[in-house]
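Asker:
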Amino acid sequence: MFVGHYTEVPEKDTGFEGVTIRWLVSPKLGAKNYAMRYFVLKKGAEIPLHDHDWEHEIFIVKGEGIITNGKEEFHVREGDFLYVPPNEPHGYKATGETLEFLCIIPAKKEAIPEDEWA
Numbered sequence: 001m002f003v004g005h006y007t008e009v010p011e012k013d014t015g016f017e018g019v020t021i022r023w024l025v026s027p028k029l030g031a032k033n034y035a036m037r038y039f040v041l042k043k044g045a046e047i048p049l050h051d052h053d054w055e056h057e058i059f060i061v062k063g064e065g066i067i068t069n070g071k072e073e074f075h076v077r078e079g080d081f082l083y084v085p086p087n088e089p090h091g092y093k094a095t096g097e098t099l100e101f102l103c104i105i106p107a108k109k110e111a112i113p114e115d116e117w118a
């Protein structure tokens with residue numbers, strides 16, 4: 001078992017301005033099936049529309065934002081959760097001071113950076 005606090009995990013740049021990620025649970029900790037990430041988007045920051053062949057489970061921890069699949073926009077806020085099926089386009093934008101969310105994905109080589117592997 002491993003117990004930690006998210007603030008003890010290094011915040012990493014995502015390549016998108018105003019967006020950071022913390023890899024809370026990854027294969028580096030021994031996770032074989034899933035990885036859990038903590039994203040922070042500052043006000044106005046975006047992760048553009050993209051897709052993957054894996055699903056996402058997301059829980060909004062703090063703030064407000066817009067999630068889109070390219071056809072519809074969903075306004076989300078603290079306490080909301082969503083499921084993004086494999087291959088469905090998805091993008092995020094912070095409309096509040098921040099948009100902070102947990103995102104769980106399968107532990108697949110193509111989904112997780114090399115430095116998060118044991």
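Counting in full-length UniProt numbering, the sequence shown runs from 1 upward without gaps.
Ideal Cβ positions, reconstructed from N, Cα and C, are used throughout, including at glycine.
Where does Thr14 fall in DSSP's three states?
Answerer: Of the three classes helix, strand and coil, the one that applies to Thr14 here is coil, per DSSP.
Asker: Taking C-alpha atoms, which residue in Ala31, Glu17, Thr7 and Val76 lies nearest to Ile112?
Answerer: That would be Ala31, whose Cα lies nearest to the Cα of Ile112.
Asker: Once you ignore the five residues that flank Phe2 on each side, which residues in its own chain have a CB closer than 6 Å to its CB?
Answerer: For Phe2, where only same-chain residues beyond five positions count, the Cβ hits under 6 Å are Leu29.
Asker: Quick one: residues in its chain with C-beta nearer than 7 Å to the C-beta of Glu88, no 5 flanking neighbours on either side, listed in chain order?
Answerer: Only Asp51 and Asn69 meet the Cβ criterion.
Asker: Determine, using beta carbons only, whether Leu102 and Phe16 come nearer to each other than 9 Å.
Answerer: Against a cut-off of 9 Å, the Cβ pair of Phe16 and Leu102 comes out as no contact.
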